[in-house]
Amino acid sequence: MTVLHAPYSEQLPVGEMTVRAVRERFNDRLDIHPQAQAFVDGSPADEDSVVHEGQRLMFMRPSGEKGMER
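Listed below in structure tokens is the structure:
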């Protein structure tokens with residue numbers, strides 16, 4: 220399945236994992252921001268959503284927040 224977090228995009232073996240598990244496992248590799256919203260096939264997903272083979276998981280920060288520290 221494809222996992223994206225700009226500028227990274229990789230085919231990873233994450234089928235049947237939760238969004239939370241993917242975020243934790245690949246955080247360093249994909250530099251996933253802790254507040255990035257998850258989307259599965261373009262729809263918002265919560266941390267307990269399970270991703271399946273053939274789906275696309277994307278992590279995105281809200282528009283206008285790139286580089287902002289809170």
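Per our numbering, the sequence shown runs over residues 220 to 289.
Just so you know, even glycine gets a beta-carbon here, dropped at the ideal spot from N, CA and C.
- Taking the Cβ atoms as the reference, residue 222 lies roughly 12 Å from residue 264, outside the contact range of under 8 Å.
- Between the alpha carbons of residue 227 and residue 274 lies a gap of roughly 16 Å.
- DSSP lists 264 and 278 as the beta-bridge partner residues of residue 257.
- In the displayed model, residue 222 falls within a strand according to three-state DSSP.
- Per the coordinates, the alpha-carbon of residue 251 lies some 9 Å from the alpha-carbon of residue 243.
- Straight-line measurement puts the Cα of residue 272 at about 15 Å from the Cα of residue 240.
- In the three-state DSSP reduction, residue 243 falls in the helix class (H, G or I).
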